[in-house]
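Peer 1: Residue numbers (the UniProt record's numbering): 1 to 338.
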Ligand code: SF4
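(1) I'd like to confirm something about residue 248: is its beta-carbon nearer than 7 Å to some heavy atom of the ligand FMN, or not?
(2) Rounded to whole angstroms, what is the Cα-Cα separation between residue 244 and residue 130?
(3) Quick one: grab the DSSP three-state call for residue 202.
(4) Cβ of residue 281 within 7 Å of any heavy atom in the ligand SF4?
(5) Can you tell me whether residue 58 is helix, strand or coil according to DSSP?
(6) Applying the criterion that 16 or more other CB atoms from any shown protein chain within 10 Å of the CB defines a buried residue, is residue 39 buried or exposed?
(7) When the Cβ atoms of the region 226-234 are set against those of the region 259-267, are three or more pairs found closer than 8 Å?
(8) Using the Cβ count rule (16 or more neighbours within 10 Å means buried), how would you classify residue 176?
(9) Examine the ligand SF4 and report whether any of its heavy atoms sits within less than 7 Å of the Cβ of residue 81.
(10) Residue range of the beta strand (DSSP E) that residue 212 falls in?
(11) Rounded to whole angstroms, how far is the Cβ of residue 118 from the Cβ of residue 146, which I believe are closer than 8 Å?
(12) Just the C-alpha distance for residue 111 and residue 329, rounded to the nearest angstrom, thanks.
(13) Rounded to the nearest angstrom, what separates residue 294 and residue 215 at their Cα positions?
(14) Enumerate in chain order the residues of its own chain whose CB-to-CB distance from residue 151 is below 6 Å, with the five nearest sequence positions on each side excluded.
(15) Please determine if the region 99-106 and the region 130-144 are in contact, where contact requires at least 3 C-beta pairs separated by less than 8 Å.
(16) Answer with buried or exposed for residue 161, where buried requires no fewer than 16 other C-beta atoms within 10 angstroms of its C-beta.
(17) Using three-state DSSP, classify residue 273 as helix, strand or coil.
(18) Taking 7 Å as the cut-off, is the C-beta of residue 177 nearer than that to any heavy atom in the ligand SF4?
(19) Tell me the rounded alpha-carbon separation between residue 72 and residue 230.
(20) Does the ligand SF4 have a heavy atom nearer than 7 Å to the CB of residue 76?
(21) Check the C-beta distance from residue 271 over to residue 46 and give it rounded, since I have them as a contact under 8 Å.
(22) Assuming residue 303 is part of the beta strand (DSSP E), what are its boundary residues?
(23) Name the one or two DSSP bridge partners that residue 115 has.
(24) Would you mind reading off the limits of the alpha helix (DSSP H) that contains residue 78?
(25) Give me the residue from 60, 22 and 32 with the minimum Cα distance to residue 331.
(26) Can you give me the start and stop residues for the alpha helix (DSSP H) that residue 340 sits inside?
(27) Using the Cα positions of residue 159 and residue 202, report the straight-line distance between them to the nearest angstrom.
(28) For the ligand SF4, I want to know if residue 208 counts as a neighbour, meaning its beta carbon is within less than 7 Å of at least one of the ligand's heavy atoms.
(29) Whole angstroms is fine: what's the gap from residue 42's alpha carbon to residue 279's?
(30) Going straight from the alpha carbon of residue 8 to that of residue 240, what length do you get?
(31) Let's test the definition: count the other Cβ atoms within 10 Å of the Cβ of residue 325 and tell me whether it reaches 16, buried, or not, exposed.
(32) Under 6 Å Cβ to Cβ from residue 65, same chain only, skipping five residues before and after it: list those, please.
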């Protein structure tokens, strides 16, 4: 608690003044001090920031489809899609356009306003990007926002995706720069930042967050959020994932993160990036309804909806609808909430 005692007032004051304006000059000690606040104080500050920028009872719904599964050359230690790990995952080639559009129609009927498509590539070839652009155009025509995650991109590819109408590009920083090399060795943190910069320059909205529960330290979590908050522009979407441990990956068998630390991570993200959508992403299946409710109280206002998240399980749609009814939450832009 030493840091919190030392910086408590400073962090509290800084967090307060940040409600009305966006800051990109956060200091590590301020972020760590927020993490160390008493739980109730932290949630109060996060909920206050949330209410000043969003309808507190509205949650945006995204749906995520894997359009090319497995056989990835990267070595991300958490990922069952890496070709280096022996998992039960079935590899699948790029999905045909009609199947993608069928999935997008179902997602729209279930209340999604954004359709995200993920492909397990280190970096796509230009011909891959052309196929994805057709998907983006088709999904946009259904009235959905579009997001894709395809790995590292060239300038030409980001411009091509922008021209197809792509709204968001997902590219997570995953963790702090220091811890990154323990999780991924096949590309650098700077590679990630460079792709984010290309996406921004092309005028595409950025979806960028991280994963907690990978054995990182408190400081790594603070540094991840610091890195995101001090980008020249905050990512419009900030997914916060709890590691889903998959048998066969190097991170299977780690001790589980305290769920309250996860809630704290959501709350600090909300305070640092008060106008961004903070998304409660992977790991919800293992979370109780009560912990998810605390995440919404901490400022999470977006979820992935649907029974699969790329290759891992996600809560059933019916269960999410029940939880929303119990909490009096509404899905944004969704008419049918039955
Ligand atoms: S996270 Fe993405 S880049 Fe890393 S192994 Fe999985 S599919 Fe490949």
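In this text, a Cβ means the ideal position worked out from N, Cα and C, and glycines have one as well. As the structure is a prediction and not an experimental result, all values here were calculated from the model.
Peer 2: With the given structure in hand:
(1) The ligand FMN is absent from the structure shown, which contains only the ligand SF4.
(2) Within the model, the alpha-carbon separation for residue 244 versus residue 130 is close to 31 Å.
(3) Correct three-state label for residue 202: coil.
(4) no
(5) strand
(6) exposed
(7) no
(8) So residue 176 ends up on the buried side.
(9) Yes - the ligand SF4 has a heavy atom lying nearer than 7 Å to the Cβ of residue 81.
(10) 210-212 is the extent of the beta strand (DSSP E) around residue 212.
(11) Between residue 146 and residue 118 the Cβ distance is about 12 Å, and since that is not below 8 Å, they are no contact.
(12) 13 Å
(13) 23 Å
(14) Result list for residue 151: 121, 122 and 123, in chain order.
(15) yes
(16) buried
(17) coil
(18) no
(19) 30 Å
(20) yes
(21) The Cβ separation is near 5 Å, so the contact holds.
(22) 302-304
(23) 63 and 146
(24) That residue, residue 78, is in no alpha helix (DSSP H); it is neither H nor E in DSSP.
(25) 60
(26) Given that the chain is displayed from residue 1 to residue 338, the structure contains no residue 340 and the question cannot be resolved.
(27) 6 Å
(28) no
(29) 18 Å
(30) Confidence at residue 8 is low in this model, with a pLDDT of 49, below 50, so its placement is unreliable and no value can be given for it.
(31) exposed
(32) 103 and 117
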